[in-house]
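Enquirer:
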Amino acid sequence: MATDNIPHVDVEIPELSQIAFVVEDIDDGMDRFGSILGVGPWEVYRFEPPTLTDRTYHGESHEYSMVLALTQLGETMIELIEPLEGESIYTEHLEDHGEGLHHVACFAFDDPHAVVEAFEDAGLPVIQSGNYGGTEYWYFDTADELNGAIFETAANVDAMPEPDRTYPE
Numbered sequence: 001m002a003t004d005n006i007p008h009v010d011v012e013i014p015e016l017s018q019i020a021f022v023v024e025d026i027d028d029g030m031d032r033f034g035s036i037l038g039v040g041p042w043e044v045y046r047f048e049p050p051t052l053t054d055r056t057y058h059g060e061s062h063e064y065s066m067v068l069a070l071t072q073l074g075e076t077m078i079e080l081i082e083p084l085e086g087e088s089i090y091t092e093h094l095e096d097h098g099e100g101l102h103h104v105a106c107f108a109f110d111d112p113h114a115v116v117e118a119f120e121d122a123g124l125p126v127i128q129s130g131n132y133g134g135t136e137y138w139y140f141d142t143a144d145e146l147n148g149a150i151f152e153t154a155a156n157v158d159a160m161p162e163p164d165r166t167y168p169e
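So that you can map any letter, position 97 of the sequence shown is 97 in UniProt numbering, and since no number is skipped, the others follow by simple counting.
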């Protein structure tokens, strides 16, 4: 790709808050990442209605759900995502690439809504979004420019509900 074709986003990324992987089975993924990287314990969340609202997929209102697991590795959150129902960017990833690195995220922006606008103004639209218990999230179409990785940001991350379970219990 020629550098003059790379979109310029007028945003300074203060940190990478999260690295996320799509997996076929969340419990198996937590076991593998825990055994190999020594990470855990995990907080497990089911992103589904009624807590999950305002879902979009490729610019249209769309129903999807997923289960995800979060743990910390130093200052970076590790996220595993297993799609449950409906087409999503996670099912796309599994179909096209299998399990693996899906996205990187920054949750440290002062104005995440301005970040959404800056990405869209640069020609990198939101490809999936939603609201989970007051935490809004957006994924951007950056896979071609970032060697397959999607970029995500979110607002009100502190509003996340309590996890559905921890692993191991």
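Backbone N, C-alpha and C fix where the C-beta goes; we use that ideal spot for every residue, glycine too.
1. Is it right to say Leu-68 is buried, meaning 16 or more other beta carbons lie within 10 angstroms of its own, or is it exposed?
2. State yes or no: is the C-beta of Gly-123 within less than 8 Å of the C-beta of Met-160?
3. Below 8 Å CB to CB, which residues in the same chain sit around Glu-85 once its five sequence neighbours on both sides are set aside?
4. Looking only at its own chain, which residues have a Cβ that is under 8 Å from the Cβ of Gly-148, when we skip the five neighbours before and after it?
5. On a CA-only basis, which of Val-157, Glu-60 and Leu-73 is nearest Asp-111? Give me that one, please.
6. Which two residues bound the contiguous beta strand (DSSP E) that contains Ile-132?
7. Please report how far the alpha carbon of Ala-155 lies from the alpha carbon of Ile-36, in whole angstroms.
8. Can you name the residues that DSSP bridges to Arg-165?
Expert: The relevant details are as follows:
1. buried
2. no
3. Glu-48, Glu-63, Tyr-64 and Ser-65
4. His-97 and Leu-101
5. Val-157
6. The amino acid at residue 132 is misidentified as Ile; the sequence shows Tyr. Where Tyr-132 is concerned, the enclosing beta strand (DSSP E) stretches over 126–132.
7. 32 Å
8. Val-44
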